[in-house]
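Asker: Numbering (this note's numbering), first residue to last: 41 to 240. We treat Cβ as the ideally placed atom computed from N, Cα and C, and that holds for glycine. Take this structure first; my questions come after.
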């Protein structure tokens, strides 16, 4: 359903100056609305680590997990994981991203996306894992990158019932020996350096 709006000749002339190629007046208005709403005009920049896409894909097929850092036009960022269990040599890497993690990028306000191949977590026979697993789990909870998480010093403690049954975990961040910039990003200070974590 279409609607008609009336504008002055002066306003139409201003819109005409903003037209790109054979843009219709509606296309110009939509582009202006997108700008006003903080929606990006161009596809997000994609950055891969390792930088060579072929090498990135090869490493991702091995480890099956990448960190995704989405930068938004509103100045925020979102850290998440890409579980790439189904990715194969014949898969289209960018096609997978545009139809998956980056679908509706314009509506989500994504202007840049970074992808880092994560190291595998090593699980020991007793069920414990190395710090890699802890850093990956905690970085998600704190909206930090894996690399940033490695700059924090912390200890993980178990919560036990009186019967000795473990029912949870909490983390204590060592404020004196952790990177101050990362602490600020995670909004960790004297009031909240100890908090519950989900390590399951």
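The beta strand (DSSP E) that contains residue 123, what's its start and end?
Answerer: 117–123
Asker: On the premise that residue 108 lies in contact with residue 121, defined as a C-beta separation below 8 Å, what is that separation, rounded to the nearest angstrom?
Answerer: Residue 108 and residue 121 do touch by the CB rule: their CB atoms are close to 7 Å apart, below 8 Å.
Asker: Within its chain, find whatever has a CB closer than 6 Å to the CB of residue 218; leave out the 5 residues flanking it on each side and keep chain order.
Answerer: 192, 193
Asker: Quick one: residues in its chain with C-beta nearer than 7 Å to the C-beta of residue 210, no 5 flanking neighbours on either side, listed in chain order?
Answerer: 197, 199, 234, 235, 236, 237
Asker: Within the same chain, show all residues whose beta-carbon is closer than 8 Å to that of residue 229, passing over the 5 residues directly before and after it, in chain order.
Answerer: 215, 223
Asker: Pick out the complete alpha helix (DSSP H) segments inside the segment 65–136, 4 residues or longer, and give them in chain order.
Answerer: 65–76, 93–103
Asker: If you draw a straight line from the alpha carbon of residue 123 to that of residue 96, how long is it in whole angstroms?
Answerer: The alpha-carbon atoms of residue 123 and residue 96 are separated by roughly 14 Å.
Asker: Compare the beta carbon distance of residue 105 and residue 158 with 8 Å and say whether it is the shorter of the two.
Answerer: yes
Asker: Would you list the residues sitting across from residue 152 in a DSSP beta bridge?
Answerer: The partner list for residue 152 (beta bridge, DSSP) reads 85, 111.
Asker: May I ask you to verify whether the segment 139–148 touches the segment 73–88, counting CB pairs closer than 8 Å and requiring at least 3?
Answerer: yes
Asker: Among 49, 91, 75, whose alpha-carbon lies nearest the alpha-carbon of residue 114?
Answerer: Here the closest residue by C-alpha is 75.
Asker: Kindly identify the DSSP beta-bridge partner or partners of residue 213.
Answerer: 194
Asker: Take residue 93 and list the residues in its own chain whose beta-carbon comes closer than 7 Å to its own, dropping the five residues that flank it on each side.
Answerer: 133
Asker: From residue 178 to residue 213, what does the alpha carbon distance come to, in whole angstroms?
Answerer: A direct Cα-to-Cα measurement between residue 178 and residue 213 gives close to 11 Å.
Asker: Compare the Cα-Cα distances from residue 116 to each of 101, 183, 45 and report the closest residue.
Answerer: Residue nearest to residue 116 within the set 101, 183, 45 is 183 (criterion: CA-CA distance).
Asker: Report the rounded CA-to-CA distance for residue 162 versus residue 186, giving the unit in angstroms.
Answerer: 16 Å
Asker: Thinking C-alpha only, which one of 111, 126, 146 is nearest residue 155?
Answerer: Checked all of 111, 126, 146; the closest Cα to residue 155 is 111.
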